[in-house]
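Asks: Residue numbers (our numbering): 131 to 318. Beta carbons are placed, not taken as given, at the ideal position from N, Cα and C, and that holds for glycine. Mind having a look at this structure? Questions to follow.
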Amino acid sequence: MAARLKGFTQVVMRTGKVAARKALPMRAGLNILYPSPPNICLPTIIAKLKQEIRHILGLDSTWGIAIVGIGNLGAALLTYPGFKREEFEIRAAFDRDESKIEKVWRGIKVQHVDKIPKVLSERQIKIGVITTPATAAQEVADKLAKGGVKGILNFAPVRISVPKEIRLKNVDLSMQLETLSYFLRKST
C-alpha cells in the first residue's frame, strides 16, 4: 500500500514496517497541490499554478488607474506601454492647469482635479497616481481618498498622509538614484 507523506512515497508492508521510501517526482508533487486525473499534462498544471499566483498578486482582474498631474512625468505615464497590459487600465487623467484640461492623451481626456471624486466612482478607479508638484500632493491625495481609491502611487517629492485603509507607495526617484550610486561605487 502506498501512502503520501510530506513529499515522500512510503511503501508499507502488511506487518506495518516501512519497506521503501523515495522522493515524489515533480509531477506527483504538483498533483498534491492540484489533484487531477493522471492524463492531465504538466503544462496544464503549470497554467493552473500561474493562474493561482496571478490571483494571489491581484493580477487576475483589471485595475482602473487615474493619473493626477499631467506634466512631464504624468504625460510620460499616460503613454507608458506597460499600462496597456490587461491588469492595468488608465481610465482618467486630471490636472489643475486650464491649458491641459480637455486635451486628449491616448484616448483619455484630461479633466479638472475638482472632478476627481465623482469620476473615480463612476469609472471604478481603485489606484491613483500622483505626479503633481509637492505643494498640491496632499490635496490631491485627499481627493483620491474621497473618490474611493484603495491605493496611491505617489511620485510627488513630499510625504503625504492617507487614511489607514489606503495603501500608499512613495516613489522617490532621487533616493533610487542614490541607492544605485551606492551599489555602483561598491562594485568598482
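Between GLY281 and ARG297, which are expected to be in contact by the criterion C-beta below 8 angstroms, what is the C-beta distance as a whole number of angstroms?
Replies: 4 angstroms
Asks: Looking at C-alpha atoms only, which residue of ILE176, ASN202 and PHE218 is the closest neighbour of ASP190?
Replies: PHE218
Asks: Can you tell me the Cα-Cα spacing of LEU274 and LEU172, whole angstroms?
Replies: CA-to-CA, the gap between LEU274 and LEU172 works out to about 45 angstroms.
Asks: Rounded to a whole number of angstroms, what is the C-alpha to C-alpha distance between GLY194 and PHE213?
Replies: 10 angstroms
Asks: In the structure shown, what three-state DSSP assignment does ALA286 receive?
Replies: coil
Asks: Assign ARG297 to one of three DSSP states: helix, strand, or coil.
Replies: strand
Asks: Suppose the cutoff is 6 angstroms on Cβ atoms and the five residues either side in sequence are ignored; what does the same chain contact list for PRO287 look like?
Replies: ALA264
Asks: Considering only their Cβ atoms, is the gap separating VAL243 from ARG221 smaller than 7 angstroms?
Replies: no
Asks: Tell me which residues share the same chain as SER251 and place their Cβ nearer than 7 angstroms to its Cβ, disregarding the 5 neighbours each side in the sequence.
Replies: GLY277 and GLY278
Asks: In the DSSP assignment, what are the bridge partners of GLN181?
Replies: None, per the DSSP bridge assignment.
Asks: If you compare alpha carbons, which of SER291, ILE200 and GLU216 is closest to LYS233?
Replies: Of the candidates SER291, ILE200 and GLU216, the residue whose Cα lies closest to the Cα of LYS233 is ILE200.
Asks: State yes or no: is the C-beta of VAL259 within less than 7 angstroms of the C-beta of PHE224?
Replies: no
Asks: Suppose you measure from the CA of THR262 to the CA of LYS245; what does that come to, to the nearest Å?
Replies: 16 angstroms
Asks: Quick check on MET156: buried or exposed, where buried means 16 or more other Cβ atoms within 10 Å of its Cβ?
Replies: Confidence in MET156 is poor, its pLDDT being 49 and thus under 50, which makes the residue's placement too unreliable to answer from.
Asks: Checking the sheet assignment: what are the DSSP bridge partners for ALA194?
Replies: Per the sequence presented here, residue 194 reads as Gly, with Ala not at that position. For GLY194, which the question treats as bridged, DSSP gives the partners GLU219 and ILE255.
Asks: In or out: ALA177 buried (at least 16 other Cβ within 10 Å) or exposed?
Replies: exposed
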